[in-house]
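Step one of this worksheet: look at the structure below.
There are 2 protein chains.
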Amino acid sequence: MAEEGFASTLLDNAVTELSRLPGLGRKTALRLALHLLRQDSDAAEALGNAIIEMRRGIRYCSVCHNISETDVCPICSSPQRDSSTICVVETVKDVMSIENTGQFRGLYHVLGGVISPIDGIGPDQLEIDSLIARVEAGGINEIILALPPTMEGETTDFYIFRRLGTLPVKLTQLARGVSVGNQLEYTDEITLGRSILNRTPFSH
Amino acid sequence: MAEEGFASTLLDNAVTELSRLPGLGRKTALRLALHLLRQDSDAAEALGNAIIEMRRGIRYCSVCHNISETDVCPICSSPQRDSSTICVVETVKDVMSIENTGQFRGLYHVLGGVISPIDGIGPDQLEIDSLIARVEAGGINEIILALPPTMEGETTDFYIFRRLGTLPVKLTQLARGVSVGNQLEYTDEITLGRSILNRTPFSH
Chain A
481 MAEEGFASTL LDNAVTELSR LPGLGRKTAL RLALHLLRQD SDAAEALGNA
531 IIEMRRGIRY CSVCHNISET DVCPICSSPQ RDSSTICVVE TVKDVMSIEN
581 TGQFRGLYHV LGGVISPIDG IGPDQLEIDS LIARVEAGGI NEIILALPPT
631 MEGETTDFYI FRRLGTLPVK LTQLARGVSV GNQLEYTDEI TLGRSILNRT
681 PFSH
Chain B
481 MAEEGFASTL LDNAVTELSR LPGLGRKTAL RLALHLLRQD SDAAEALGNA
531 IIEMRRGIRY CSVCHNISET DVCPICSSPQ RDSSTICVVE TVKDVMSIEN
581 TGQFRGLYHV LGGVISPIDG IGPDQLEIDS LIARVEAGGI NEIILALPPT
631 MEGETTDFYI FRRLGTLPVK LTQLARGVSV GNQLEYTDEI TLGRSILNRT
681 PFSH
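Protein sequence lines correspond, in order, to chains A and B. Under our numbering, the residues of the first sequence are numbered 481 to 684, in order. Under our numbering, the residues of the second sequence are numbered 481 to 684, in order.
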C-alpha cells in the first residue's frame, strides 16, 4: 500500500501524474481523480484522449513559433494578414490576448520568454536569431515590441533594438498608460508619470 | 476560430475537458494545457493514459463501496482484518484518512454522502440499506459511526441508529474533543464544552 494508503495503484498513478501539473498539489490531484471516478467513464476517456491528441497534434509554427497543427500556422499562411508587420511577444498566450482584441492584422513572433539572467535565460534560449533572420529576409516594415513592461521585458526590447542594428525596419512598442476603466489612484506612479509625459491629443 | 481565439481545435478540446474538472476555470485549464505542450510528449501521454486506465480499472467494492480494482476490495477480503467491526464513513477519502492513522483493523462501509434535505439527498441515495443488510447477515459486533460532526452527519447517525433498531450490535461514534496540538483558544465553544463534559481519566 502506498504512503498515503491508496488502495489502488491505478489511482496512485493518476494522482501522481495529475500532481505533476503546475499548481496542483497531491491533495487537489486526489480530489480530481476521485471526481473522475464518480463520473461516467466517458468523462475520463474524453479528458485522457483530449490531452493525448492535443500533444500529438500540436507543434510550433516553423515561422513564428506560435502553436499550430500545421508546419506553418494559419496566421503566418493567411493571405489576409499584413505580412510586413511583426508583433514580438513573449508567449503563445500573448498571441491569444492580442488576437482577442481584433485590433491587429499583422503577423507574430513568439520569443518563448524574455532575457532574465536571474533565471539563467539568455538570448540564445529565445527565438531572437530567427526574428532577425525574418527581418533580414526582407519585406518587413515594422516590428512592434509587445513584451511585458518589466525590467526583463525592457532588457529584451533593448537587446532586439541592438541586434536589429541598421536594418531598415521601424521599431515600435505598445503604448504605456493608464488602463481604461482604472481609477487614477490605483495606477502606479511610474505609469502615471509616463502617461503625462506621453499625453495624446484629446479624442472624442 | 473559437470565442477565445484559440488557433487550434485540439487545444480547445483539451482546455474544455480540463475545465470540466471541479475548481478549474478556463484560464487555469489553458495554463495547464500550454504547460503540457511545452513538456516532452511522454508527459501528456502518461497523464492521459493514467486517467483513462484509472477509470477503466477501478470500480466500487460490492461489499463496502470503497474503490477497488476487484469486485471485493483488499480490505474486505483480508483475513487479517477484524470482520466483526464496521466503520461507517461518508466518502472514499475518509477510508484513506482512517487507514493512514494505522489505528483501525476492522472493515468499512462507505455511504457515499450524508442525509441532506437541502441538497436533495435522502437515505435512498446512500448505501444505508446495504449497511443494514450486512448487519442483518450476522457476525457484526460493533458499528463505529465516523460521519462528519455536522448537522447532516449527526442526522445520518441518528437515522442509522433508528434503522438498526433492535439488531444486536454495539453502536459507537468517534470521540469528540480538543484537537491534539491545537491551542484551546482556537477550539470552538461547542467542542470545548463537550470535551469538558466527556473528560477522560488522565493518562501519562
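Ideal Cβ positions, reconstructed from N, Cα and C, are used throughout, including at glycine.
Boundaries (first-last residue) of the alpha helix (DSSP H) holding residue i
i: B:T489; result: T489 to L498
i: B:T635; result: M631 to L644
i: A:H515; result: R506 to R518
i: B:D574; result: V572 to T581
i: A:C556; result: P554 to S557
i: A:V615; result: D609 to E616
i: B:G673; result: E669 to L677
Contacts of residue i in chain B (Cβ-Cβ under 9 Å)
i: A:R536; result: L490, S521, A524 and E525
i: A:K573; result: L510, R511 and L514
Proximal residues to residue i (C-beta, below 8 Å), its chain only, five neighbours per side dropped
i: A:C553; result: C541, V543, C544, N546 and I547
i: A:L516; result: A494, A523, A524 and L527
i: B:S557; result: T550
i: B:S610; result: H545 and H589
i: B:N678; result: A655, R656 and G657
Residue from the options whose Cα sits closest to the Cα of residue i
i: A:V649; options: A:N662, A:E665, A:I624 and A:G657; result: A:I624
i: A:R656; options: A:S488, A:V590, A:Y639 and A:T680; result: A:T680
i: A:V658; options: A:S675, A:T652, A:R642 and A:L644; result: A:S675
i: B:G593; options: B:R585, B:G586 and B:P603; result: B:P603
i: A:M631; options: A:I595, A:A617 and A:D609; result: A:I595
i: B:V568; options: B:R500, B:N493, B:Q519 and B:I612; result: B:I612
i: B:I598; options: B:S563, B:M576 and B:T635; result: B:T635
i: A:E622; options: A:G661, A:L527, A:D520 and A:Y588; result: A:Y588
i: A:T565; options: A:I620, A:E525 and A:F641; result: A:I620
i: B:N529; options: A:A509, A:G645 and A:L498; result: A:L498
i: A:A617; options: A:A626, A:S563, A:G537 and A:L501; result: A:S563
i: B:L627; options: B:S577, B:L664, B:R561 and B:R511; result: B:S577
i: A:L537; options: B:R535, B:M534 and B:S521; result: The question names Leu, yet the displayed sequence has Gly at residue 537 of chain A. The option with the nearest alpha carbon to A:G537 is B:S521.
i: B:I531; options: A:T496, A:P502 and A:R561; result: A:T496
i: B:R500; options: A:Q519, A:G645 and A:I640; result: A:Q519
i: A:T559; options: A:R535, A:G582, A:G586 and A:G633; result: Note on residue identity: the sequence assigns Pro, not Thr, to residue 559 of chain A. Closest by alpha carbon: A:G586.
i: A:A509; options: B:G503, B:K507 and B:L510; result: B:G503
i: B:G633; options: B:E669, B:G661, B:R535 and B:I601; result: B:I601
Same chain only: Cβ atoms within 7 Å of residue i, ignoring 5 sequence neighbours per side
i: A:L491; result: A513
i: A:T571; result: V590
i: A:P629; result: R656
i: B:S488; result: none
i: B:R539; result: S548
i: B:D574; result: A626
i: B:F685; result: Coverage of chain B is limited to positions 481 through 684, which leaves residue 685 of chain B absent and any answer about it impossible.
i: B:R561; result: I555, R585, G586 and L587
C-beta neighbour in chain E for residue i, strict 9 Å
i: B:G503; result: The structure shown contains no chain E; its protein chains are A and B.
7 Å Cβ cut-off: residues of chain A touching residue i
i: B:E607; result: Residues of chain A passing the Cβ test: none, with the nearest at roughly 14 Å.
i: B:E570; result: None at all; the shortest Cβ gap to chain A is about 12 Å.
i: B:E497; result: A526, L527 and A530
i: B:L654; result: Chain A residues near B:L654: none, gap ~18 Å exceeds 7 Å.
Residues near residue i in its chain [Cβ-Cβ closer than 6 Å; skip 5 each side]
i: B:E484; result: With a pLDDT of 48 at B:E484, under the threshold of 50, the modelled position of this residue cannot be trusted; read the value that follows with caution. The answer is none, since no qualifying residue turns up.
i: A:E607; result: H545, L591 and G592
i: B:L647; result: V615
i: A:L672; result: none
i: B:R643; result: I612
i: A:Q429; result: Because chain A in this structure spans residues 481 to 684, residue 429 of chain A falls outside the shown range and cannot be described.
Neighbour list for residue i in chain B, Cβ cutoff strictly below 7 Å
i: A:E549; result: S488 and L490
i: A:L587; result: None at all; the shortest Cβ gap to chain B is about 13 Å.
i: A:L627; result: Chain B residues near A:L627: none, gap ~18 Å exceeds 7 Å.
Chain B contact residues for residue i, given Cβ-Cβ distances below 8 Å
i: A:H515; result: L501 and P502
i: A:N434; result: The first residue shown for chain A is 481 and the last is 684, placing residue 434 of chain A beyond what the model contains.
Continuous beta strand (DSSP E) stretch holding residue i: start and end
i: A:D522; result: First-last for A:D522: S521 to G537, but that is the alpha helix (DSSP H), not the beta strand (DSSP E).
i: A:S563; result: D562 to V569
i: A:H589; result: G586 to V590
i: A:P653; result: According to the sequence displayed, residue 653 of chain A carries Gln and not Pro. From DSSP, the beta strand (DSSP E) with A:Q653 extends over K650 to Q653.
i: A:L625; result: E622 to L625
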